[in-house]
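Q: One structure, pasted below without further comment.
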Amino acid sequence: MPDISRRNTLACMAFGGAGTLFALSGGVLSSIDLVFAADNRDAAARLGTPFFVQISDTHIGFAKDANPDVKGSLAKSVELINGLPMQPDFIIHTGDISHLSRPAEFDTAQQLLSGLKSSELHTVPGEHDVADANQSEYFQRFGGASNNRGYYSFDHRGVHLIALINVMNFKPAGLGILGEEQLKWLEDDLSAHSSSTPIVVFAHMPLWSIYEPWGWGTGDADRGMALLRRFGSVTVLNGHIHQIVRKIEGNITFHTARSTAYPQPAPGIGPGPGPLTVPSAQLASMLGITSVSIMRDQTAAKLSDVTLI
Amino acid sequence: MTFGFAQFARGATTVAALLIASQLQVHAQQSSVVSIKNFDFAPMTLTVKAGTAVTWKNFDGEPHTVTSLDGLFRSGALDTDETYTFRFDRQGIYKYVCSIHPRMTAMIIVK
Numbered sequence: 072m073p074d075i076s077r078r079n080t081l082a083c084m085a086f087g088g089a090g091t092l093f094a095l096s097g098g099v100l101s102s103i104d105l106v107f108a109a110d111n112r113d114a115a116a117r118l119g120t121p122f123f124v125q126i127s128d129t130h131i132g133f134a135k136d137a138n139p140d141v142k143g144s145l146a147k148s149v150e151l152i153n154g155l156p157m158q159p160d161f162i163i164h165t166g167d168i169s170h171l172s173r174p175a176e177f178d179t180a181q182q183l184l185s186g187l188k189s190s191e192l193h194t195v196p197g198e199h200d201v202a203d204a205n206q207s208e209y210f211q212r213f214g215g216a217s218n219n220r221g222y223y224s225f226d227h228r229g230v231h232l233i234a235l236i237n238v239m240n241f242k243p244a245g246l247g248i249l250g251e252e253q254l255k256w257l258e259d260d261l262s263a264h265s266s267s268t269p270i271v272v273f274a275h276m277p278l279w280s281i282y283e284p285w286g287w288g289t290g291d292a293d294r295g296m297a298l299l300r301r302f303g304s305v306t307v308l309n310g311h312i313h314q315i316v317r318k319i320e321g322n323i324t325f326h327t328a329r330s331t332a333y334p335q336p337a338p339g340i341g342p343g344p345g346p347l348t349v350p351s352a353q354l355a356s357m358l359g360i361t362s363v364s365i366m367r368d369q370t371a372a373k374l375s376d377v378t379l380i
Numbered sequence: 037m038t039f040g041f042a043q044f045a046r047g048a049t050t051v052a053a054l055l056i057a058s059q060l061q062v063h064a065q066q067s068s069v070v071s072i073k074n075f076d077f078a079p080m081t082l083t084v085k086a087g088t089a090v091t092w093k094n095f096d097g098e099p100h101t102v103t104s105l106d107g108l109f110r111s112g113a114l115d116t117d118e119t120y121t122f123r124f125d126r127q128g129i130y131k132y133v134c135s136i137h138p139r140m141t142a143m144i145i146v147k
């Protein structure tokens, strides 16, 4: 194991299609989109030691034209991660695990995810995971990490990771919401960490406004970001919009992951943010996961793509 | 035994009375449908009489929910072609959203 400190690098690799692997290099995020094409696996191999992999928007239960086999594409994603030369320390799932919050959907998702060689899984719910009338199914299965609050934090290899929930208590016509209680908790949680601590924040809905008419943003995210601004390296990972969008603002890098299930239209194209049906030959190139790895002596951002085909 | 039978008979009478009452009530009720289509509730404002059962049907490929802001009714996720029905017994204005797409807002006015 090479000598890895936070002064060195955290690498994130992006599998476009199959996922995204991110790299934080000397505090700077680099990402490589990987799709599932076999000839791109070399790109993943060159990234060094995987840190963690982000899976998002698996939508188990979905079975329409946009992807009649979401189980198959999740299985393929699991296979791709398991095929990495070195296994990530853990996996994060940024929500919409299920499509309709139904027990059988969660069962299937958990069964498929249990096939990951890397067995540590950290989750946040998407709005599709809390769409059951009692909003209880997700929490029964995944609520333990957060005492059923939905938000929690943990440390790994000198990096502080924060899971936030922004898919409940929506206001009408509104965006995602963090809420007072969670923002207060975030402030307390961050106060214990020095500004040199690399921070990774993950939540389902984007923590920045991508397209408000479709609710692609979080109404009070700015207040959370204000708390993060003093840190030298902040990486914000989201899902929800089923396509990669990136933004860098000061020391904060925002990144949304592809879905493993189906693509969605570009912002504002069509009546709403529903499934986008593309020719089947094209589908795999629009599905993906995101993986984060730790790299040494990496100072420049790297970007490349690998897909599910 | 006799006591048991008498009780049963009384019960049966009550049941029959309730059945008649509920049938009358059914005749008095209206039903109304709200379509969920292209990420909108249609109509966005529906006015009904107290006692009306409102049924929502989702015509979109994307799931939606019918979720009242005051917590009175929550459909859970409705997939394509699925329906949800709730009977409004009291007058009032009931605002609701789709909890998956909260920009979708609408209301039921019960008079």
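Protein chains in written order, with the working numbering: chain V, 72 to 380; chain Y, 37 to 147.
Yeah, the Cβ is synthetic: ideal placement off N, Cα and C, and Gly gets one too.
So V/S172 contacts chain Y; which residues on that side make the cut at Cβ distance below 8 Å?
A: G112 and A113
Q: What does Y/D117 reach in chain V if we use C-beta pairs closer than 7 Å?
A: Residues of chain V passing the Cβ test: none, with the nearest at roughly 12 Å.
Q: Closest to V/R401 by CA distance: which of V/G345, V/S356, V/F122 and V/P277 is it?
A: This structure does not reach residue 401 of chain V, given that chain V is present from 72 up to 380, and the question cannot be answered.
Q: Exposed or buried, V/N205, counting other C-beta atoms within 10 Å across all chains shown (16 or more means buried)?
A: exposed
Q: Cα separation between Y/A57 and V/R173?
A: Below a pLDDT of 50, predicted positions are generally treated as unreliable, and Y/A57, at 45, falls in that range; the measurement from the model is reported next regardless. In a straight line, the C-alpha of Y/A57 is about 37 Å away from that of V/R173.
Q: Scan the segment 119–151 of chain V and note each continuous beta strand (DSSP E) run of 3 residues or more that stays entirely inside, going in chain order.
A: Counting only unbroken stretches of 3 or more residues, the beta strand (DSSP E) elements lying wholly within the segment 119–151 of chain V are 120–126, in sequence order.
Q: Who are the Cβ neighbours of V/W256 in its own chain at under 7 Å, not counting the five residues just before and after it?
A: Y222
Q: Count the other CB atoms, across all protein chains shown, that sit within 10 Å of the CB of V/E198; report buried if there are 16 or more and exposed otherwise.
A: Buried, by the Cβ-count rule.
Q: Looking at chain V, is there any beta carbon in it that lies within less than 8 Å of the beta carbon of Y/T91?
A: no
Q: Show which residues of chain V have a CB atom less than 7 Å away from the CB atom of Y/G181.
A: Given that chain Y is displayed from residue 37 to residue 147, the structure contains no residue 181 of chain Y and the question cannot be resolved.
Q: Could you compute how far the alpha carbon of V/D178 sits from the alpha carbon of V/V271?
A: Straight-line Cα distance between these residues: approximately 28 Å.
Q: Buried or exposed: V/K188, going by 16 or more other Cβ atoms within 10 Å of its Cβ?
A: V/K188 comes out exposed.
Q: With distances taken between CB atoms, is the gap from V/I323 to V/D291 smaller than 8 Å?
A: no
Q: Just the chain Y side, please: which residues come within less than 8 Å of V/P284 by C-beta, in chain order?
A: R139
Q: Thinking just about the alpha-carbon of each residue, which of V/H326, V/D203 and V/M296 is nearest to the one in Y/F109?
A: V/D203
Q: Is the Cβ-Cβ distance between Y/E106 and Y/K73 less than 8 Å?
A: The question names Glu, yet the displayed sequence has Asp at residue 106 of chain Y. Against a cut-off of 8 Å, the Cβ pair of Y/K73 and Y/D106 comes out as no contact.
Q: Of the residues that make up the segment 181–207 of chain V, which ones have a beta carbon closer than 7 Å to any beta carbon in chain Y?
A: Of all residues in the segment 181–207 of chain V, those with a C-beta nearer than 7 Å to a C-beta of chain Y are E198, H199, A202, D203 and A204, reading in chain order.
Q: For Y/T121, collect the residues of the same chain with a Cβ closer than 6 Å to its Cβ; drop the 5 residues on either side in sequence, then sort them by chain order.
A: A89 and T91
Q: I'd like to check one pair, V/L278 with V/V238: are the Cβ atoms closer than 8 Å?
A: no
Q: I need the DSSP call for V/Y222, collapsed to helix, strand or coil.
A: coil
Q: Out of Y/H137, Y/Y132 and Y/R126, which one is the CA nearest neighbour of Y/K147?
A: It is Y/R126 whose Cα lies nearest to the Cα of Y/K147.
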